[in-house]
Amino acid sequence: MITVHHLNNSRSQRILWLLEELGVDYEIVSYQRDTTTSLAPESLKEVHPLGKSPVVTDGDRTVAESGAIVEYLIRKYGRDRLMPNEDTPEFISYLHWMHYAEGSAMLPVMLSLYLVRLGEAGKPLHPRIESEVANHFGYMNDALGQRDFFVGNALSGADFQLTFALEAAKSLGLLSGFENLVRYLGKMHERPAYRRGIERGGQYDLGQ
Ligand SMILES: N[C@@H](CCC(=O)N[C@@H](CS)C(=O)NCC(=O)O)C(=O)O
5 MITVHHLNNS RSQRILWLLE ELGVDYEIVS YQRDTTTSLA PESLKEVHPL GKSPVVTDGD
65 RTVAESGAIV EYLIRKYGRD RLMPNEDTPE FISYLHWMHY AEGSAMLPVM LSLYLVRLGE
125 AGKPLHPRIE SEVANHFGYM NDALGQRDFF VGNALSGADF QLTFALEAAK SLGLLSGFEN
185 LVRYLGKMHE RPAYRRGIER GGQYDLGQ
């Protein structure tokens with residue numbers, strides 16, 4: 005049985021959505037963020053030393069880091085769905101977006117989040133971070149264009165990875181002006197499997 009160690013309002017929501025798209029059985033162990041610090045409870049470190057979410061266990065295997073989890077689940081349970089064939093040009097695009105989401109897109113989002121917390125003290129950093137937001141979100145917006153998915157014409161692992169980055173950006177007001185990304189996010193949120201993941205996961209303030 006697959007177990008998702010799920011933290012409220014976190015990246016583990018993308019794993020619930022993926023599992024719903026895959027249609028495989030899974031159970032959830034829920035953790036709540038500290039209401040003051042937003043940190044995960046210490047008990048998550050009993051599952052993986054980093055104490056971050058998501059973490060998935062599948063039998064005696066423990067997989068941490070969402071990109072690794074998405075890839076593991078698709079390779080093991082995807083039955084050739086959600087990932088292009090390795091011999092196609094789409095596969096390179098798939099690799100790019102799979103790694104780009106956490107490796108590049110999340111950085112300006114996290115910096116913007118910390119800027120909010122710094123208040124006045126963070127003012128000197130605004131121009132640099134705003135230019136990184138414009139660079140990365142402009143890039144994603146143009147690359148997506150009018151298409152429905154980031155890779156080819158089908159939902160893939162990259163969409164689970166990128167959707168969280170866009171949701172986090174939207175919650176900070178960073179998506180205004182990036183119409184393709186806003187439209188795309190709306191389409192992802194309409195997917196029945198996405199909605200089922202939300203119902204099973206509970207509180208998720210980012211999926212509006
Ligand atoms: N790049 C990692 C990030 C993991 C991460 O930072 N998760 C956040 C939730 S979105 C977390 O566990 N925060 C609670 C904490 O740091 O205590 C991934 O994609 O899995």
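Residue 195 in our numbering is what sits at position 191 of the sequence shown, and the numbering runs on without skipping anything. Beta carbons: idealized from backbone N, C-alpha and C, even for Gly. Predicted, not measured: the structure shown is a model, and the values here were computed from it.
Practice item. Spell out the partners DSSP gives E31 in its beta bridges. Key: Here residue 31 corresponds to residue number 27 of the sequence shown, with the count starting at 1. For E31, which the question treats as bridged, DSSP gives the partners T7.
Exercise for review: Check whether the Cβ of G107 lies closer than 8 Å to any Cβ atom in chain C.
Suggested key: Protein chain content of the structure displayed is limited to a single chain, and chain C is not contained in it.
Review point. Would A172 pass as a contact of L210 if the rule is Cβ separation under 8 Å?
Key: Here the question's residue 172 lines up with position 168 in the sequence shown. Here the question's residue 210 lines up with position 206 in the sequence shown. Yes, the Cβ-Cβ distance between A172 and L210 is below 8 Å.
Check your understanding: Would you say K174 touches ligand 1, meaning its beta carbon is less than 7 Å from a heavy atom?
Key -> On the sequence shown, position 170 is the one that residue 174 refers to. No, since every heavy atom of ligand 1 falls outside the 7 Å radius drawn around the Cβ of K174.
Point to revise | Same chain only: Cβ atoms within 8 Å of A147, ignoring 5 sequence neighbours per side | key: What you label residue 147 is simply residue 143 of the sequence shown in a count that begins at 1. Around A147: F154.
Practice item. With DSSP as the reference, label G40 as helix, strand or coil. Key: As a first step, residue 40 is located in the sequence shown; it is residue number 36 there, counting from the start. Note that residue 40 corresponds to Thr in the displayed sequence, not to Gly. Coil at T40, not helix or strand.
Practice item. Just list the alpha helix (DSSP H) runs in the stretch 33–93, keeping only unbroken ones of 4 residues or longer that don't cross its boundaries, in chain order. Key: 70–81
Exercise for review: In the DSSP assignment, find the alpha helix (DSSP H) that holds G190 and state where it starts and stops.
Suggested key: Residue 190 sits at position 186 when you count from the first residue of the sequence shown. That run of the alpha helix (DSSP H) goes 183–194.
Exercise for review: Select from I73, S116, G63, R132 the residue whose C-alpha is nearest the C-alpha of Q17.
Suggested key: Position 13 of the sequence shown, counting from 1, holds the residue named residue 17. Of the candidates I73, S116, G63, R132, the one whose C-alpha sits nearest the C-alpha of Q17 is I73.
Exercise for review: For ligand 1, list every residue whose C-beta falls under 5 Å from any of its heavy atoms, going in chain order.
Suggested key: S14, R15, L43, A44, K56, S57, E69, S70, E106
Review point. How close, in whole Å, do the beta carbons of W21 and G201 come, if the pair is a contact with beta carbons under 8 Å?
Key: The residue labelled residue 21 in the question sits at position 17 within the sequence shown. The residue labelled residue 201 in the question sits at position 197 within the sequence shown. Right, the Cβ-Cβ distance comes to about 4 Å (below 8 Å), so this counts as a contact.
Exercise for review: Kindly indicate which three-state DSSP category Q17 falls into: helix, strand or coil?
Suggested key: Translated into the one-based positions of the sequence shown, residue 17 becomes position 13. DSSP places Q17 in helix when its eight states are reduced to three.
Exercise for review: Evaluate contact between the stretch 21–40 and the stretch 75–94, counting only Cβ atoms and requiring at least three cross-stretch pairs below 8 Å.
Suggested key: yes
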